[in-house]
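Here the structure is laid out as structure tokens; the discussion comes afterwards.
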Amino acid sequence: MHAGSLAKALFLDRDGVINVEKDYVHRIEDFEFVDGIFELCRAAQARGYLLVVITNQSGIGRGYYSEAQFQELTAWMKNEFSREGVEITRVYHCPYHPDSGIGEYRMESFDRKPNPGMILRAERDLGLDLARSILVGDRVSDMQAAEAAGIGCRVLLRTAHSEPGAARCAQRVVEHLSEVLMGDVLPAKGTA
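Here this note's numbering runs 2 ahead of the position in the sequence shown, where the first position is 1.
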């Protein structure tokens, strides 16, 4: 299979990009969608991008909520996207933390951003061309994972939780998700 026949993806971090960052969001009533996320995803989907969520979820490893609670919230989130005409292709999460994890969750993981494991799993699972793919995240670790995996375009959504040096790791910095639709970040339908 040559690169032209591989799919491209819009990778999205969850907390801070899909939902407003709050302390370890794991309940539906605390989940607040970031302004512009549905519009961005509809536009990306219309341009042929698969939508892939990659999220560190150390709250599971820390014992704040269970894997089942995470899966329940994820199913609800995907349904909300579906109601907006958007299909989330896959959600990858990493529950481990090397220092604060409890029991089996206390370990280093190749999936935990800034490592590229979740992205590389998606590449294999979905047949992706990472060089033609885009990642939108709000932290240095998102940008580092994207760079390590060879994602073609790294976009930092600047939030209150973005570290001061995060912009240096990104190729584009935006203040609102609508800016991803402008310029050449998300190519117009029929190009690329």
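Ideal Cβ positions, reconstructed from N, Cα and C, are used throughout, including at glycine.
Can you tell me where the beta strand (DSSP E) with residue i in it begins and where it stops?
i, result
"Arg174", "Arg174 to Val176"
"Leu159", "Cys155 to Leu159"
"Ile56", "Tyr51 to Asn58"
Pull up the distance between the alpha-carbon of residue i and that of residue j, whole angstroms please.
i, j, result
"Glu149", "Ala168", "13 Å"
"Gly63", "Lys10", "31 Å"
"Gly50", "Leu159", "22 Å"
"Leu12", "Glu31", "26 Å"
"Val36", "Val19", "6 Å"
"Ala45", "Val138", "14 Å"
"Leu179", "Glu110", "31 Å"
"Ala133", "Glu125", "11 Å"
Any idea what DSSP makes of residue i, helix, strand or coil?
i, result
"Ile136", "strand"
"Thr76", "helix"
"Val93", "strand"
"Arg114", "coil"
"Ala11", "strand"
"Phe33", "coil"
"Arg16", "coil"
"Arg64", "coil"
If residue i and residue j are in contact, beta carbons under 8 Å, what's the gap, nearest whole angstrom?
i, j, result
"Leu130", "Leu8", "6 Å"
"Leu188", "Ile121", "Wrong, their Cβ atoms sit about 18 Å apart, outside the cutoff."
List the endpoints of the continuous alpha helix (DSSP H) containing residue i.
i, result
"Leu128", "Gly119 to Leu128"
"Val142", "Val142 to Ala151"
Checklist entry - Taking contact to mean at least 3 C-beta pairs separated by less than 8 Å, is the region 43–62 in contact with the region 85–95? => result Yes: at least three Cβ pairs fall under 8 Å.
Item to check | Three CB pairs or more closer than 8 Å across the region 133–146 and the region 164–179 | outcome: Three or more beta-carbon pairs separated by less than 8 Å link the region 133–146 to the region 164–179, which places the two stretches in contact.
Checklist entry - Are at least three pairs of beta-carbons, each pair with one atom in the region 64–84 and one in the region 93–106, less than 8 Å apart? => result The region 64–84 vs the region 93–106: in contact.
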